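Q:
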RNA sequence: GCCCCCUUAGCUCAGUGGACCAGAGCGGGUGCCUUCUAAGCACUAGGUCGCAGGUUCGAAUCCUGCAGGGGGCGCCA
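Numbering (this note's numbering), first residue to last: 61 to 565.
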């Protein structure tokens, strides 16, 4: 039996909802779909006040909502305010969203910001859908890179050349200078510690400008205070550990095994990943975990899931969102950004140039699994070509009308909200709770942006064709109510995306 | 060689197996400010949904193969 019985009609001419069950059942029941449709539609016994039911060949049941029913939804929406669209489908399931997790050895790059926005909005949407969400930032504060980072600062401090494969850049100079004024000596471990704190503060500041925040910062090194031995023991007991060539290996079910501890004694990222995810599920007891990773980490997904399976954790509880690459277009020039290419445009630079609202909205206009091009010129344009303003302007127009309309007293002629523009706007608005739920279930925040765009279009058309504040008091009251409900909806949509909803522009 | 994304209008991209013309934004063309913000609205032009098969009553959507672009496949991070 198909799970989805009622779906949104694709063509508005066919109504608001449609049921395709008759077509799906025709084969198993060995009966003509129209016959099933007839029987089903009488059994549905839809309340006449809600809508009309119609059959269509070859076996659709179409439902058209009654204007009166649509109109009756407005007051509850306006009343619900920020709660409109929220639900409890998540049933308080504990889910962790881990995102950003940028190394504390350098400034945050713009390419990473896409994952930051995607993760942030996934978390917001899950929260709105009734999940209990923790937003986590994983700090790689251990390993060879950290040592190199410390050594690079030490070298800078002593005017020595940067070590092989080490870090350079003006921020290393700054860190060295500050370390010197704090009286730190050229001792790499302490300098690395100091430097990581310095860098992390700046990353957090950049993220905060982007309206991205985390509940918990999880330190990689905390995994190595016993949890590693515990996990190693467990894997040994399972017969999954092998020592060879001076390294410690994880025995996979496949062709080749994976190194956990390298010959030089440093753990691999794979080992940290195992410890980290075992911690999330076993120690901290999350029901579900969502990791937002760059596409270049794709190779790790299978390995981590295999390790979880071996450790007795259902890998389906882990979802990994691979965020594809961003290239930046400046005029005619396009710069592709990838970690290996090492091309760096910093997040700060981009925030200064185009602002947080545009950065967020542009990222959300693309599905995370598609590579995208970020057009800087378009994003920074303070004009109508910029899609961010389209949505914000719709909100500002309503806010202005509501301010002008003032308090509503006297009768409200709801039934007069009957033009195509008014009814269309109501239909779009009423999709909002479904959009929130679907975005949460699919981990697809871009659905919010596309919905917002459609809603903004419906608002602009309404505004253009239906003057709200007139001498006709009952009609004015009704249109003000519609405006209130619409403003609530678009404000909530922008809010979930972390984009501001200005009252004036 | 193997794995993961992507291929839809000139450009950037939507499109949970459905129903006459396949959608949006930008860009191109044409109209609309005496009335709540023209950062808007209304028209218009533009597409073999990469190619070839298959499944289905029905495919841009699912399966297979091929081609093109990107990213992975390290005792790198």
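Even for Gly, the Cβ is constructed at its ideal location relative to N, Cα and C. Source: prediction; values computed, not measured.
1) Could you check where the alpha helix (DSSP H) with residue 205 kicks off and where it finishes?
2) Would DSSP call residue 399 helix, strand or coil?
3) Please confirm whether residue 195 and residue 157 have their CB atoms less than 7 angstroms apart.
4) Going by beta carbon distance, what residues of the same chain come within less than 8 angstroms of residue 399, once the five residues before and after it are set aside?
5) Just to confirm my understanding: we take residue 526, look at its own chain, exclude 5 residues before and 5 after, and list those with CB closer than 8 angstroms. What are they?
6) Can we count residue 559 as close to the ligand SAM, meaning its CB is less than 6 angstroms from some heavy atom?
7) Please report how far the alpha carbon of residue 101 lies from the alpha carbon of residue 187, in whole angstroms.
8) Could you give the uninterrupted runs of the beta strand (DSSP E) lying entirely in the stretch 110-189, keeping only those of 3 residues or more?
9) Please state whether DSSP places residue 528 in a helix, a strand or coil.
10) Any idea what DSSP makes of residue 195, helix, strand or coil?
11) Entirely within the stretch 411-440 and at least 4 residues each: give me those alpha helix (DSSP H) ranges in chain order.
12) Between the alpha carbons of residue 206 and residue 325, how many angstroms are there, rounded?
13) What is the DSSP secondary structure of residue 533, reduced to helix, strand or coil?
14) For residue 92, name the three-state secondary structure that DSSP assigns.
15) Using 8 angstroms for Cβ pairs, my map puts residue 121 next to residue 82. What's the rounded Cβ distance?
16) Using a Cβ-Cβ cut-off of 7 angstroms (strictly less than) and excluding sequence neighbours within five positions of residue 305, which residues of its own chain qualify?
17) Can you check the stretch 333-397 for any beta strand (DSSP E) of at least 3 residues that lies completely inside it and give the ranges in chain order?
18) My understanding is that residue 217 touches residue 246, with C-beta atoms under 8 angstroms, so please give their C-beta distance in whole angstroms.
19) Using only CA atoms, which one of 544, 532, 510, 534 lies nearest to residue 522?
20) Measuring alpha carbon to alpha carbon, tell me which residue in 485, 309, 244, 263 is nearest residue 176.
21) Where does the unbroken beta strand (DSSP E) through residue 503 begin, and where does it stop?
22) Flag this pair as yes or no: are the beta carbons of residue 125 and residue 111 separated by less than 7 angstroms?
23) The beta strand (DSSP E) spanning residue 276 covers which residue range?
24) Are the Cβ atoms of residue 154 and residue 346 separated by less than 7 angstroms?
25) Counting Cβ pairs, one atom from each stretch, are 3 or more of them under 8 angstroms apart for the stretch 429-442 and the stretch 457-469?
26) If you reduce the DSSP assignment to three classes, tell me which class residue 68 lands in.
27) Any idea if residue 401 is buried or exposed, counting beta-carbon neighbours within 10 angstroms, 16 or more meaning buried?
28) Excluding the 5 residues preceding and the 5 following residue 208 in the sequence, name in chain order all residues of the same chain whose CB lies nearer than 7 angstroms to its CB.
29) Beta carbon of residue 160, beta carbon of residue 189: below 7 angstroms?
30) Below 8 angstroms, can you find three or more Cβ-Cβ pairs linking the stretch 276-295 to the stretch 196-204?
31) Let me confirm a value: residue 78 is counted as buried when at least 16 other C-beta atoms fall within 10 Å, else exposed. Which label applies?
32) If you run the structure through DSSP and keep just helix, strand and coil, what is residue 485?
33) Does the beta-carbon of residue 340 have 16 or more other beta-carbons within 10 angstroms, so that it is buried, or is it exposed?
34) How many Å lie between residue 558 and residue 272 at the Cα?
35) Note down, in chain order, each residue of its chain lying with its Cβ closer than 6 angstroms to the Cβ of residue 334, except the 5 sequence neighbours on either side.
36) Tell me which residues share the same chain as residue 62 and place their Cβ nearer than 7 angstroms to its Cβ, disregarding the 5 neighbours each side in the sequence.
A: Quick look at the numbers:
1) Here the question's residue 205 lines up with position 145 in the first chain. 204-217 is the span of the alpha helix (DSSP H), which, as asked, contains residue 205.
2) Taking the first residue of the first chain as position 1, residue 399 is located at position 339. For residue 399, the pLDDT reaches just 49, beneath the cut-off of 50, and the residue's location in the model is therefore unreliable, leaving the point undetermined.
3) Here residue 195 is taken as the residue at index 135 of the first chain, counted from 1. Here residue 157 is taken as the residue at index 97 of the first chain, counted from 1. For residue 195 and residue 157, yes; Cβs fall inside 7 angstroms.
4) Within the first chain, the letter at position 339 stands for residue 399. Its pLDDT being 49, under 50, residue 399 is placed unreliably by the model, and the measurement read from it follows with that caveat. Here the set comprises 171, 354, 356.
5) Within the first chain, the letter at position 466 stands for residue 526. Once the five neighbours on either side are set aside, the close Cβ partners of residue 526 are 479, 481, 482, 539.
6) For the ligand SAM, the structure offers nothing, since it holds no ligand at all.
7) By one-based count along the first chain, residue 101 stands at place 41. By one-based count along the first chain, residue 187 stands at place 127. One C-alpha to the other measures close to 36 angstroms.
8) 111-116, 120-125, 154-158
9) Along the first chain, one-based indexing puts residue 528 at 468. Coil, per DSSP.
10) Position 135 of the first chain, counted from the first residue, corresponds to residue 195. Residue 195: strand per DSSP, three-state reduction.
11) 416-424, 436-440
12) Here residue 206 refers to the residue found at position 146 of the first chain. Here residue 325 refers to the residue found at position 265 of the first chain. Computed Cα separation, rounded: 15 angstroms.
13) Sequence index remark: in the first chain, residue 533 carries index 473 (1-based). If DSSP states are grouped into helix, strand and coil, residue 533 belongs with the helices.
14) Walking along the first chain from the start, residue 92 turns up at place 32. Reduced to three states, the DSSP call for residue 92 is coil.
15) Stepping through the first chain from its first residue, residue 121 is reached at position 61. Stepping through the first chain from its first residue, residue 82 is reached at position 22. Between residue 82 and residue 121 the Cβ distance is about 7 angstroms, and since that is below 8 angstroms, they are a contact.
16) Position 245 of the first chain, counting from 1, holds the residue named residue 305. Cβ within range, chain order: 323.
17) 348-354, 378-383, 386-390, 393-396
18) Numbered from 1 along the first chain, position 157 holds the residue referred to as residue 217. Numbered from 1 along the first chain, position 186 holds the residue referred to as residue 246. Between residue 246 and residue 217 the Cβ distance is about 5 angstroms, and since that is below 8 angstroms, they are a contact.
19) On the first chain, position 462 is the one that residue 522 refers to. It is 544.
20) Translated into the one-based positions of the first chain, residue 176 becomes position 116. Comparing Cα-Cα distances from residue 176 to each of 485, 309, 244, 263, the minimum goes to 263.
21) As a position in the first chain, residue 503 is number 443, starting the count at 1. Where residue 503 is concerned, there is no enclosing beta strand (DSSP E), given that its DSSP letter is neither H nor E.
22) Residue mapping note: residue 125 aligns to position 65 of the first chain, counting from 1. Residue mapping note: residue 111 aligns to position 51 of the first chain, counting from 1. Going by C-beta atoms, residue 125 is nearer than 7 angstroms to residue 111.
23) Reading the first chain from its first residue, position 216 is the one you call residue 276. 276-279 is the span of the beta strand (DSSP E), which, as asked, contains residue 276.
24) Mapped onto the first chain, residue 154 falls at position 94. Mapped onto the first chain, residue 346 falls at position 286. Contact: yes.
25) no
26) Taking the first residue of the first chain as position 1, residue 68 is located at position 8. Strand at residue 68.
27) Your numbering for residue 401 matches position 341 in the first chain. The predicted model places residue 401 with a pLDDT of 44, which falls under 50 and marks its position as unreliable, so this point remains unresolved.
28) Numbered from its first residue, the first chain carries residue 208 at position 148. Cβ neighbours of residue 208 beyond the five flanking positions: 223, 225, 226, 227.
29) Translated into the one-based positions of the first chain, residue 160 becomes position 100. Translated into the one-based positions of the first chain, residue 189 becomes position 129. Cβ distance not < 7 angstroms, so residue 160 and residue 189 don't count as in contact.
30) yes
31) Looking up residue 78 in the first chain gives position 18. Looking at its Cβ environment, which holds 16 or more other Cβ atoms inside 10 Å, residue 78 is buried.
32) The count along the first chain starts at 1 and reaches residue 485 at position 425. The answer is helix: DSSP assigns residue 485 an H, G or I state.
33) Residue 340 sits at position 280 when you count from the first residue of the first chain. Looking at its Cβ environment, which holds 16 or more other Cβ atoms inside 10 Å, residue 340 is buried.
34) Stepping through the first chain from its first residue, residue 558 is reached at position 498. Stepping through the first chain from its first residue, residue 272 is reached at position 212. If I take the Cα positions, the gap works out to 8 angstroms.
35) Locating residue 334 in the first chain gives position 274, counting from the first residue. Answer for residue 334: 367, listed in chain order.
36) By one-based count along the first chain, residue 62 stands at place 2. For residue 62, the pLDDT reaches just 39, beneath the cut-off of 50, and the residue's location in the model is therefore unreliable, although a value from the coordinates is still provided. Within the same chain, residue 62 has close Cβ partners 81, 84.
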